[in-house]
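A short write-up of the structure that comes next.
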Amino acid sequence: MAAQVGPAVEVRGVDFSYGGLRALDGLSLTVPRGVSFGLLGPNGAGKTTLIRMLVGLLRPWRGTVRILGEPSSPRTAASIGYMPQLPALYAELSVFHNVDFFARMYSLGNERPQRVEEVLRLVGLWERRRDSVLHLSGGMRQRLSLACALVHQPPLLLLDEPTVGLDPELRATFWEHFRGLTSAGTAIIISSHTMDDAAHCGELAFLRVGRVIAQGTPAQLRAATGREGATLEDAFLYFVRQG
Ligand SMILES: Nc1ncnc2c1ncn2[C@@H]1O[C@H](COP(=O)(O)OP(=O)(O)OP(=O)(O)O)[C@@H](O)[C@H]1O
Ligand SMILES: [Mg+2]
153 MAAQVGPAVE
163 VRGVDFSYGG
173 LRALDGLSLT
183 VPRGVSFGLL
193 GPNGAGKTTL
203 IRMLVGLLRP
213 WRGTVRILGE
223 PSSPRTAASI
233 GYMPQLPALY
243 AELSVFHNVD
253 FFARMYSLGN
263 ERPQRVEEVL
273 RLVGLWERRR
283 DSVLHLSGGM
293 RQRLSLACAL
303 VHQPPLLLLD
313 EPTVGLDPEL
323 RATFWEHFRG
333 LTSAGTAIII
343 SSHTMDDAAH
353 CGELAFLRVG
363 RVIAQGTPAQ
373 LRAATGREGA
383 TLEDAFLYFV
393 RQG
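Each residue of the sequence shown is one higher than the last, beginning at 153 in the numbering used here.
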């Protein structure tokens, strides 16, 4: 398990390009422990690229990434629960065995069957546990992907648009669960396009063309506009115009 001191994530001056396309451009970000931290920004802003870098799937061309007080490594990757933007599930396995696969990969012991049941109940798929993934709806696959990320109770969760395609009731259930996790010390980084998610986050970063253009609590970001009643959308536009 990674060190217990320092922020959950520290990114300093990171550049990353896909071929000639600059996706992260001198990006810096600090994510404290025990908060839900929202990454907001338009399509192509670099949210998924940043999350994949935090998981350890991409290496920075320049700059540094520290996870739970240590340089990013296979060891820190074991402390992360990752839900990709596009669910990566095993079509040949049942709902139960997809989650169980992740539980085994993270070496859960005797508690494994109970944890698999707990997370499948949380995402409302316990009754569907014997079904093939191919028979699930899009939103159900999304929920299963989240169950796989949660099963080993990691101290850092990286969730790439986890609420897309979820019905409002389940979205509320998830946010309640996330609040329980953060108050127990888990850090959750969530990318999203919805202001509903943003309002649930303790802290936010606005991303644009591979850079963080503002970071703070939702209230701080709204207040920065100097306008009474400003929404988070107003705040985003305000920071875009600040340049
Ligand atoms: N595998 C890839 N190969 C080449 N370019 C890529 C690849 N993945 C992303 N990009 C490019 O990198 C930039 C950042 O993409 P990224 O997926 O990080 O954005 P995002 O903020 O997650 O967007 P969205 O809100 O649409 O998910 C975009 O210009 C995108 O086209
Ligand atoms: Mg993305």
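Quick reminder that beta carbons are idealized off the backbone N, C-alpha and C, glycines included.
None of these values were measured; they are calculated from a predicted model.
For residue i: DSSP bridge partner residues
| i | result |
| --- | --- |
| residue 339 | 308 |
| residue 232 | 308 |
| residue 167 | 214 |
| residue 189 | 341 and 355 |
| residue 223 | 218 |
| residue 183 | 161 |
| residue 243 | Looking at the DSSP assignment, residue 243 forms no beta bridge with any residue, so it has no partner. |
| residue 174 | 169 |
Nearest-angstrom beta carbon gap, residue j and residue i [assumed within contact, 8 Å]
| i | j | result |
| --- | --- | --- |
| residue 193 | residue 178 | 15 Å between Cβ atoms; not a contact. |
| residue 342 | residue 311 | 5 Å |
| residue 329 | residue 188 | Wrong, their Cβ atoms sit about 11 Å apart, outside the cutoff. |
| residue 104 | residue 272 | Within the shown structure, residues of the chain are numbered from 153 to 395, placing residue 104 beyond reach of any answer. |
Residue i Cβ short of 8 Å to ligand 2 heavy atom set
| i | result |
| --- | --- |
| residue 294 | no |
| residue 312 | yes |
| residue 225 | no |
| residue 289 | no |
Residue i CB to nearest heavy atom of ligand 1 below 8 Å
| i | result |
| --- | --- |
| residue 368 | no |
| residue 390 | no |
| residue 244 | no |
| residue 371 | no |
| residue 359 | yes |
| residue 201 | yes |
| residue 197 | yes |
| residue 343 | yes |
| residue 237 | yes |
Best match in the options for proximity to residue i [C-alpha to C-alpha]
| i | options | result |
| --- | --- | --- |
| residue 197 | 216, 248, 324 and 176 | 176 |
| residue 275 | 388, 180, 247 and 183 | 247 |
| residue 337 | 220, 182 and 390 | 220 |
Worksheet item: Below 8 Å, can you find three or more Cβ-Cβ pairs linking the region 226-246 to the region 298-307?
Response: yes
Worksheet entry | At least 3 beta-carbon pairs within less than 8 Å: the region 338-355 vs the region 187-203 | yes
Worksheet item: Does the region 208-215 come within contact of the region 366-385, defined as at least 3 CB pairs closer than 8 Å?
Response: no
Discussion item. Would you call the region 255-267 in contact with the region 324-338, where contact means no fewer than 3 C-beta pairs closer than 8 Å?
Written reply: no
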